[in-house]
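Chains as they are written, first to last, in our numbering: chain A, 2 to 110; chain B, 2 to 110. Below is one structure, written out as structure tokens, with a few remarks after it.
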DNA sequence: CCAACATGTCCAAATACTTAAACATATCGC
DNA sequence: GCGATATGTTTAAGTATTTGGACATGTTGG
């Protein structure tokens with residue numbers, strides 16, 4: 002008995018695991034400067050911090066801050082090569098995160 | 002001649018039209034309270050402001066603020082029925098916005 | 001080793017966002 | 001119309017984010 006009673010998930014419950022990843026992606030890409038950084042990449046292109054900063058209207062320091070947020074969100078990936086740090090779009094992670102939300106939305110009909 | 006020279010899109014250029022819509026979706030869903038609101042909806046469910054506020058830990062006023070942002074971003078749609086305003090997930094708009102980014106990411110490989 | 005360069009980090013000021021109370025508007029039942 | 005209810009708006013304070021300069025660290029070439 003009571004099997005037919007489905008408690009509504011409490012608003013204050015933890016955000017589902019698969020949403021935590023998407024959450025950071027959303028926050029990261031909710032900023033216009035960070036969107037511009039993402040759009041700076043041509044297909045397959047890798048850019049170092051100096052290149053990204055020179056395209057930007059912000060200080061190198063501010064760009065570095067945004068790159069950190071994008072990397073931690075899994076929007077970009079990076080690797081140090083010599084003196085430089087190269088960034089590229091983390092295609093797989095982004096696809097997975099977006100697919101999670103798309104899946105939720107499609108089930109919501 | 003010069004056809005082979007492809008100017009890099011300036012960082013400060015306008016964000017492409019199809020991105021403006023996604024931009025607001027990202028900003029809207031970059032906030033944990035607004036994510037919780039989105040996750041409050043069962044499939045096909047419609048909730049009014051009072052119901053959403055009662056699920057929330059925030060004041061009704063703050064919830065109203067977040068609902069406005071979610072509606073303006075096209076995450077939720079709403080309709081007034083009598084005294085109440087009902088909200089639901091704007092499935093089509095969300096799908097389209099997410100598909101735009103997914104498409105960009107897939108072309109970025 | 002050392003000078004030049006690329007990047008990251010720390011910090012304080014500027015800016016933007018969030019919050020909740022008070023108030024305003026609209027709708028309903030009687 | 002009137003009181004009760006539901007929601008939106010304004011506002012001011014609190015909080016968080018963003019920014020760029022100064023400094024620290026790591027790397028390379030000579």
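C-beta: ideal position from N, C-alpha, C; glycine also. This structure is a prediction, so every number in the text was calculated from the model and none was measured.
Give me, in chain order, the residues of the same chain whose beta-carbon lies closer than 6 angstroms to that of residue i; leave out the 5 immediate sequence neighbours on both sides.
i                     : result
residue 47 of chain B : 87 and 89
residue 75 of chain A : 91 and 94
residue 80 of chain B : 87
residue 85 of chain A : 49
Buried or exposed for residue i, going by 16 or more other Cβ atoms inside 10 Å?
i                      : result
residue 45 of chain B  : exposed
residue 107 of chain B : exposed
residue 55 of chain A  : exposed
residue 98 of chain A  : buried
Let me check understanding here. Comparing Cα to Cα, which of the options lies closest to residue i?
i                     : options                   : result
residue 83 of chain B : B/17, B/98, B/50 and B/26 : B/50
residue 32 of chain B : B/75, B/78 and B/67       : B/67
residue 39 of chain A : A/71, A/104 and A/98      : A/71
Using a Cβ-Cβ cut-off of 7 angstroms (strictly less than) and excluding sequence neighbours within five positions of residue i, which residues of its own chain qualify?
i                     : result
residue 59 of chain B : 34
residue 41 of chain A : 48, 53 and 56
Residues in the same chain with beta-carbon distance under 8 angstroms from residue i, minus the five sequence neighbours each way, listed in chain order, please.
i                      : result
residue 101 of chain A : 19, 20, 22 and 23
residue 36 of chain A  : 30
residue 2 of chain A   : Summary for residue 2 of chain A: the model assigns pLDDT 46, below 50, so the residue's position carries little reliability, and this model does not support an answer.
Following a CB-centred definition, is residue i positioned closer than 8 angstroms to any heavy atom of the ligand MG?
i                     : result
residue 94 of chain B : Looking for the ligand MG in the displayed structure turns up nothing, as the structure carries no ligands at all.
Taking 8 angstroms as the cut-off, does the region 91–108 of chain A touch the region 16–30 of chain A (at least 3 CB pairs, one atom from each stretch)? Note that the region 16–30 of chain A touches the region 91–108 of chain A; at least 3 beta-carbon pairs, one per stretch, sit closer than 8 angstroms.
With three or more C-beta pairs closer than 8 angstroms as the rule, is the region 24–42 of chain B touching the region 28–38 of chain A? Yes, since at least three Cβ pairs between the region 28–38 of chain A and the region 24–42 of chain B fall closer than 8 angstroms, the two stretches touch.
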